[in-house]
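Trainee: Provided herewith is a single structure, encoded as structure tokens, for subsequent inquiry.
Residue numbers (the numbering used here): 861 to 1082.
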């Protein structure tokens, strides 16, 4: 690793702090590499943990904790791409930064297509790794925040009566009370009452708030 700069960029300062401090996982079968990366990350304020194998990571890592994964491509038994695929099968989304001393363009394309956030060749520049870690953590925090927000919106939507959910969907589509009344074959005053109830139950202060919630639920269902 070579660098004249070893400072963490300011990106994390732009993200609202989480209750749990982000954790950087280092998975590499070479102890000197693990130690060097751990020392680098610690020196700029990141918290990290090292694993000598992918199986150790799968057995011991607190994957519910936000952060990212620095992952060697070639390792005995279970390689980096194998671990990436296994995390996908388990439904675990953790931003991955691949590092390798034997990489090529085809390998990097494969990693990025599978969802990796970066692909670095050894020996890598220290600041490049720090920048990649910072960006990966920001991405993970934002993803978790969005996931939690959508889960809260879904929980509120589940409390809506069927007729109220229909009104919510139609309002989000931009349909007027009269159009909704005609489509549902109910009185317009009924639509107004249901609409007010929807706004209250969904905790939407404005119509754009309700539209955003409806869009988030639809996108999450895809």
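Glycine is no exception: its CB is placed at the ideal position from the N, C-alpha and C atoms.
Taking residue 956 and residue 977 to be in contact with their CB atoms under 8 Å, please state how far apart those CB atoms are, rounded to whole angstroms.
Mentor: Contact holds; Cβ gap of about 6 Å.
Trainee: Could you tell me the distance, in whole angstroms, from the CA atom of residue 967 to the CA atom of residue 1039?
Mentor: The alpha-carbon atoms of residue 967 and residue 1039 are separated by roughly 54 Å.
Trainee: Which partner residues does residue 1074 have in the DSSP bridge list?
Mentor: According to DSSP, residue 1074 bridges with nothing at all.
Trainee: Tell me whether residue 1089 is buried or exposed, calling it buried when 16 or more other Cβ atoms sit within 10 Å of its Cβ.
Mentor: There is simply no residue 1089 to check, as the chain begins at 861 and stops at 1082 in what is shown.
Trainee: Going by DSSP in three states, residue 957 sits in which element: helix, strand or coil?
Mentor: Strand, per DSSP.
Trainee: Where DSSP assigns a beta bridge to residue 924, which residues make up the other side?
Mentor: Per DSSP, none; premise fails for residue 924.
Trainee: Let's test the definition: count the other Cβ atoms within 10 Å of the Cβ of residue 994 and tell me whether it reaches 16, buried, or not, exposed.
Mentor: Label assigned to residue 994: buried.
Trainee: For residue 996, verify whether its CB is less than 6 Å away from any heavy atom of the ligand COA.
Mentor: With respect to the ligand COA, the structure offers nothing, as it holds no ligand at all.
Trainee: Going by Cα to Cα distance, which pick from 1012, 1024, 946 is closest to residue 1059?
Mentor: Out of 1012, 1024, 946, 1024 has the C-alpha closest to the C-alpha of residue 1059.
Trainee: Give me the Cβ distance between residue 910 and residue 938, rounded to the nearest whole Å; I'm assuming they're in contact under 8 Å.
Mentor: Between residue 938 and residue 910 the Cβ distance is about 16 Å, and since that is not below 8 Å, they are no contact.
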